[in-house]
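Visitor: First, the structure itself, so that you have it in front of you.
There are 2 protein chains.
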Amino acid sequence: MGRLERHATITDVAALAGVSVGTASKALNGRGSLREETRRRVRDAARQLNFEANAGARNLHSGRTYTVGMITTDTIGRFSIPVLMGAEDALGAGEMSIFLCDGRGDPIREQYYVKTLLSRRVDGIIVTGRRTEARAPIGVGLPVPVVYAFISSADPDDCSVVPDEAGGARKAIDHLLAIGRGRIAHITGPDHHNSARVRAAATTERLAEEGLSLVAPPLFGGWSEAWGGQAAGILLGSGTEFDAVFCGSDQIARGVSDALRAAGRRIPEDVALVGFDNWDVMIEGAKPPLTSVDMNLQGLGRSAAERLLAAINGSPSPGRHALPCHLVVRESTTVPLRSPPASPPGPAGQ
Amino acid sequence: MGRLERHATITDVAALAGVSVGTASKALNGRGSLREETRRRVRDAARQLNFEANAGARNLHSGRTYTVGMITTDTIGRFSIPVLMGAEDALGAGEMSIFLCDGRGDPIREQYYVKTLLSRRVDGIIVTGRRTEARAPIGVGLPVPVVYAFISSADPDDCSVVPDEAGGARKAIDHLLAIGRGRIAHITGPDHHNSARVRAAATTERLAEEGLSLVAPPLFGGWSEAWGGQAAGILLGSGTEFDAVFCGSDQIARGVSDALRAAGRRIPEDVALVGFDNWDVMIEGAKPPLTSVDMNLQGLGRSAAERLLAAINGSPSPGRHALPCHLVVRESTTVPLRSPPASPPGPAGQ
DNA sequence: TTGAAAGCGCTAACAG
DNA sequence: CTGTTAGCGCTTTCAA
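If you read the sequences in order, they're chains A and S.
Using the UniProt record's numbering, the letters of the first sequence map in sequence onto residues 1 to 350.
Using the UniProt record's numbering, the letters of the second sequence map in sequence onto residues 1 to 350.
This is the structure we're talking about:
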């Protein structure tokens with residue numbers, strides 16, 4: 001294998017260029033005042049030796065490492081990825097590097113990660129997870145700032161960036177009301193799950209504001225397609241009339257969609273359907289494609305990283321920060337009029 | 001915020017314990033010979049100051065950083081996650097930390113990441129992606145070992161750990177033949193996609209060994225449910241008789257499943273169905289649950305990390321290493337006899 | 001058993 | 001303009 005023996009050091013570069021290490025350092029970092037010719041010689045030597053300054057040695061002076069740790073409390077998955085990507089963007093894609101640590105729901109493991117991250121002198125830590133539940137802080141009096149993304153810290157003084165799930169649910173209901181649906185059912189996840197409760201409460205509340213209520217109490221169950229199908233069956237069997245179902249997740253919505261169709265109900269003509277998560281795989285698999293609430297996870301990650309950077313630079317933003325969700329309307333709530341207008345290119349509005 | 005001002009240094013510890021830094025170092029690392037009383041004093045001081053040795057400073061001597069970089073060539077997603085987790089396990093969960101870099105399919109970005117990883121003096125690099133295609137090496141003559149996982153390097157001398165997709169396809173066919181299905185169709189992804197081609201070729205080959213052939217040429221299309229449904233329609237419309245469909249992905253299989261059921265075919269009685277990927281979401285959503293080929297991505301990640309560690313320690317394993325896939329049998333190919341026998345707990349066999 | 005000193009790779013004062 | 005020196009936090013000889 002054409003593998004080099006070792007990394008070149010600045011001493012090697014200086015020697016090759018025939019200058020002192022101090023001069024080499026200045027030349028490479030564009031500091032001090034040097035003859036252009038000298039600078040060039042040093043740079044050539046560096047290139048020739050494939051020199052990359054040792055970040056660790058450099059950090060020793062600056063006190064900063066330009067790295068951050070990201071700990072996922074449970075397993076890394078569908079929710080953590082977009083958060084991670086958003087964070088990566090905000091951290092300048094390589095300007096600062098990210099240590100990824102998968103806590104796997106094990107507090108011991110998590111504490112171990114916190115320790116190693118601290119020993120690596122990360123400039124800060126982002127904590128994320130797949131539930132929006134508040135969780136115990138990963139530590140108190142840590143020597144570096146911590147920001148919680150998606151998940152939030154139980155300590156209200158910690159900085160947490162979370163999706164406004166209640167707002168998202170309200171937008172879903174707004175939309176259903178706007179298209180003339182007033183007999184709405186709600187099928188969602190387990191009632192011991194924070195997201196399920198919050199979304200259900202907001203749904204009920206929003207309807208109450210209009211003097212309306214759900215056609216039946218929220219159906220709490222699981223997050224799966226199977227539960228969606230089962231719940232749809234319960235609804236149909238009860239004889240309750242309904243012209244819309246707002247689901248706590250896209251998976252549930254898909255199960256509902258399949259079950260309703262099998263029972264002869266047309267979507268959206270007979271029943272309009274709204275999901276939550278805006279998860280492409282489920283959205284596209286459903287017939288017709290699902291209208292869904294998007295939590296803007298990537299934006300969440302970006303915001304969390306920005307706040308972390310600010311905190312590192314001495315401007316922390318303690319407290320719980322909620323970011324708006326937005327509704328993505330598709331055919332499960334609207335019959336398209338001929339060809340839909342082409343939307344202009346560019347980043348999706350928030 | 002109860003944030004500490006700065007990290008304690010070994011000098012602080014030594015001062016508090018009333019010893020020299022050298023002694024403190026020995027005490028904390030269990031080296032040299034010291035009075036037990038001294039060791040205790042130092043350790044107490046360290047605990048009191050919340051001391052965590054600065055890994056960067058330590059690395060300066062050892063020459064190793066106990067970190068590795070992981071670069072995903074395209075976007076990090078469904079395939080990279082298990083690979084990452086496997087790697088994390090093999091790297092001792094914190095013993096060595098992982099820098100995660102999301103290449104997003106941009107070669108410039110990728111090269112940038114390689115540079116920063118090298119400047120951070122990672123001990124090695126793992127490259128992964130979401131396609132099994134061979135790709136250009138991320139660099140030549142790099143000063144650290146590189147292992148490709150899932151994806152493989154175009155340079156046969158590089159170390160790549162890949163799934164034996166052909167073997168997986170053969171196992172699927174073996175199984176279908178074993179349950180008495182001889183009229184098999186194959187629906188898969190785009191023919192410009194390596195995985196689709198390899199799996200189709202192995203399928204045809206395995207059948208040929210038995211003097212059989214597919215009931216129709218492989219149907220190449222996309223990886224989506226939509227394509228699965230469409231292809232099933234083509235198959236049904238052509239009047240070709242078939243008693244099994246082997247699909248290039250679980251998403252396709254799910255589309256096929258829905259379409260066949262809608263057309264009145266029973267699964268598995270009339271048509272047995274096998275997918276590829278063993279992706280829980282798709283598997284569980286399908287009715288009945290899908291038999292599928294599992295590529296053991298986590299094992300792939302583990303193996304890649306182990307080979308990387310070996311290479312770091314001077315024992316590289318150049319070349320392309322294929323890991324076996326295994327078939328997970330579910331109800332889309334078998335009618336369960338009463339209650340299925342409870343399988344003993346423990347790690348799933350490979 | 002402990003301390004002093006050198007050095008890992010680099011930056012930053014300060015002289016020359 | 002360039003070289004010398006000190007020091008970042010730690011480990012590791014080598015003396016004491």
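The beta-carbon is built from N, C-alpha and C at its ideal position, and this holds for glycine as well.
Sort S:335, S:65 and S:158 by Cα distance to residue 319 of chain S and report the nearest one.
Guide: Ranking S:335, S:65 and S:158 by Cα distance to residue 319 of chain S puts S:158 first.
Visitor: Would you check if the segment 202 to 212 of chain S and the segment 165 to 176 of chain S touch, i.e. whether three or more CB-CB distances between them fall below 8 Å?
Guide: The segment 165 to 176 of chain S vs the segment 202 to 212 of chain S: in contact.
Visitor: Any beta-carbon of chain S closer than 9 Å to the one on residue 278 of chain A?
Guide: Not one chain S Cβ lies under 9 Å of residue 278 of chain A.
Visitor: Per DSSP, residue 148 of chain S forms a beta bridge with which residues?
Guide: Residue 148 of chain S is bridged to S:127 and S:160.
Visitor: For the candidate residues A:307, A:182 and A:27, whose alpha-carbon lies nearest to that of residue 357 of chain A?
Guide: Any question about residue 357 of chain A goes unanswered here, given that chain A covers just 1 to 350.
Visitor: When you compare each of A:254, A:278, A:288 and A:311 to residue 328 of chain A by their alpha carbons, which one comes out closest?
Guide: Here the closest residue by C-alpha is A:278.
Visitor: Between the beta-carbon of residue 357 of chain S and the beta-carbon of residue 114 of chain S, is there less than 9 Å?
Guide: Chain S is shown from 1 up to 350; residue 357 of chain S falls before or after that span and cannot be answered.
Visitor: Under 9 Å between C-beta atoms, does residue 52 of chain S make it to chain A?
Guide: Chain A, which has a Cβ nearer than 9 Å to the Cβ of residue 52 of chain S, makes this yes.
Visitor: Could you spell out the range, first to last residue, of the alpha helix (DSSP H) harbouring residue 234 of chain A?
Guide: Taken as a continuous stretch (DSSP letters only), the alpha helix (DSSP H) holding residue 234 of chain A covers 225 to 238.
Visitor: For residue 333 of chain S, count the other beta carbons within 10 Å of its own beta carbon; 16 or more makes it buried, fewer makes it exposed. Which is it?
Guide: Counting Cβ neighbours within 10 Å, residue 333 of chain S comes out buried, since at least 16 surround it.
Visitor: With 9 Å as the C-beta to C-beta threshold (strictly closer), list the residues of the segment 92 to 105 of chain S near chain A in chain order.
Guide: Per Cβ criterion, the list reads 93, 94, 95, 97, 98, 99, 100, 101, 102 and 104.
Visitor: If we define contact as Cβ-Cβ less than 9 Å, is residue 31 of chain S a contact residue for chain A?
Guide: Taking Cβ atoms only, chain A never reaches closer than 9 Å to residue 31 of chain S, which makes this a no.
Visitor: Looking only at its chain, what residues have a beta carbon closer than 6 Å to the beta carbon of residue 286 of chain A, apart from the 5 residues adjacent to it on each side?
Guide: Closer than 6 Å at the Cβ level, and outside the excluded window around residue 286 of chain A, lie 254 and 257.
Visitor: Would you kindly report the start and end of the unbroken beta strand (DSSP E) that includes residue 193 of chain A?
Guide: Residue 193 of chain A -> no beta strand (DSSP E), and no H or E assigned at all.
Visitor: What are the residues that DSSP puts in a beta bridge with residue 322 of chain A?
Guide: For residue 322 of chain A, which the question treats as bridged, DSSP gives the partners A:162.
Visitor: Give the C-beta separation of residue 128 of chain S and residue 80 of chain S to the nearest angstrom, bearing in mind that I take them to be a contact with Cβ-Cβ under 8 Å.
Guide: With 8 Å as the limit, residue 128 of chain S and residue 80 of chain S qualify as a contact, their Cβ atoms being about 5 Å apart.
Visitor: Output needed in chain order: residues of the UniProt domain "HTH lacI-type" (8 to 62) of chain S with a Cβ under 9 Å from some Cβ in chain A.
Guide: Within the UniProt domain "HTH lacI-type" (8 to 62) of chain S, the qualifying residues are 8, 50, 52, 53, 54, 55, 56, 57, 58, 59 and 60.
Visitor: Quick check on this structure: which residue in A:120, A:316, A:137 and A:13 has the alpha carbon closest to the alpha carbon of residue 303 of chain A?
Guide: Per the Cα distances, A:316.
Visitor: Using beta-carbon positions only, say whether residue 274 of chain S and residue 244 of chain S come within less than 9 Å of one another.
Guide: In this structure, residue 244 of chain S lies closer than 9 Å to residue 274 of chain S by Cβ.
Visitor: Scan the segment 112 to 123 of chain S for residues whose Cβ lies nearer than 9 Å to a Cβ of chain A and list them as they occur along the chain.
Guide: Here the close residues are 112, 113, 115, 116, 117, 118, 119, 120 and 121.
Visitor: State buried or exposed for residue 349 of chain S, treating a residue as buried only when at least 16 other CB atoms are found within 10 Å of its CB.
Guide: Residue confidence for residue 349 of chain S is low, a pLDDT of 29 falling below 50, so the modelled location carries little weight; the figure read from the coordinates is stated next. Classification for residue 349 of chain S: exposed.
Visitor: Chain A beta carbons: is any one of them nearer than 9 Å to that of residue 345 of chain S?
Guide: Because the pLDDT at residue 345 of chain S is just 37, under 50, the model does not fix this residue reliably, and the point stays unresolved.
Visitor: Closer than 7 Å between beta carbons: that is the criterion. Which residues of the segment 65 to 76 of chain S meet it against chain A?
Guide: So the close ones are 65 and 76.
Visitor: Starting from residue 186 of chain A and walking both ways along the beta strand (DSSP E), at which residues does that stretch end?
Guide: Per DSSP, residue 186 of chain A belongs to the beta strand (DSSP E) from 184 to 188.
Visitor: Out of S:95, S:66, S:50 and S:314, state which residue places its alpha-carbon closest to the alpha-carbon of residue 141 of chain A.
Guide: Selected option, being the one with the closest Cα: S:50.
Visitor: Counting only Cβ pairs nearer than 8 Å, list the residues of chain S close to residue 199 of chain A.
Guide: Within 8 Å Cβ-Cβ: nothing; residue 199 of chain A doesn't reach chain S, min ~21 Å.
Visitor: For residue 48 of chain S, count neighbouring C-beta atoms within 10 Å of its own C-beta (all shown protein chains included) and say buried if the count is 16 or more, exposed if not.
Guide: Exposed, because fewer than 16 other Cβ atoms sit within 10 Å of the Cβ of residue 48 of chain S.
Visitor: Taking the C-alpha atoms as reference points, what is the distance between residue 133 of chain S and residue 208 of chain A?
Guide: Between residue 133 of chain S and residue 208 of chain A, the C-alpha separation is close to 55 Å.
Visitor: Between residue 77 of chain S and residue 75 of chain A, what straight-line distance do the alpha-carbon atoms span, to the nearest angstrom?
Guide: Rounded to whole angstroms, residue 77 of chain S to residue 75 of chain A spans 14 Å at the Cα level.
Visitor: Please classify residue 188 of chain A as buried or exposed, where buried requires at least 16 other C-beta atoms within 10 Å of its C-beta.
Guide: By the 10 Å Cβ count, residue 188 of chain A comes out buried.
Visitor: From the beta carbon of residue 224 of chain S, is the nearest beta carbon of chain A less than 9 Å away?
Guide: It does: the Cβ of residue 224 of chain S has a partner Cβ on chain A nearer than 9 Å.
Visitor: Taking 9 Å as the CB-CB cut-off, is residue 88 of chain A touching chain S?
Guide: Yes, contact with chain S.
Visitor: Are residue 299 of chain A and residue 124 of chain A close, meaning C-beta to C-beta below 9 Å?
Guide: Result no, Cβ atoms of residue 299 of chain A and residue 124 of chain A do not sit closer than 9 Å.
Visitor: In the DSSP assignment, what residue or residues form a beta bridge with residue 264 of chain S?
Guide: Answer is none; residue 264 of chain S lacks a bridge partner.
Visitor: Quick one: using the 10 Å Cβ neighbour count with 16 as the cut-off for buried, is residue 111 of chain S buried or exposed?
Guide: Exposed, since its Cβ has fewer than 16 Cβ neighbours within 10 Å.
Visitor: Residue 223 of chain A: beta carbon under 8 Å from a heavy atom of the ligand GTP?
Guide: Absent from the structure shown: the ligand GTP. Ligands present: none.
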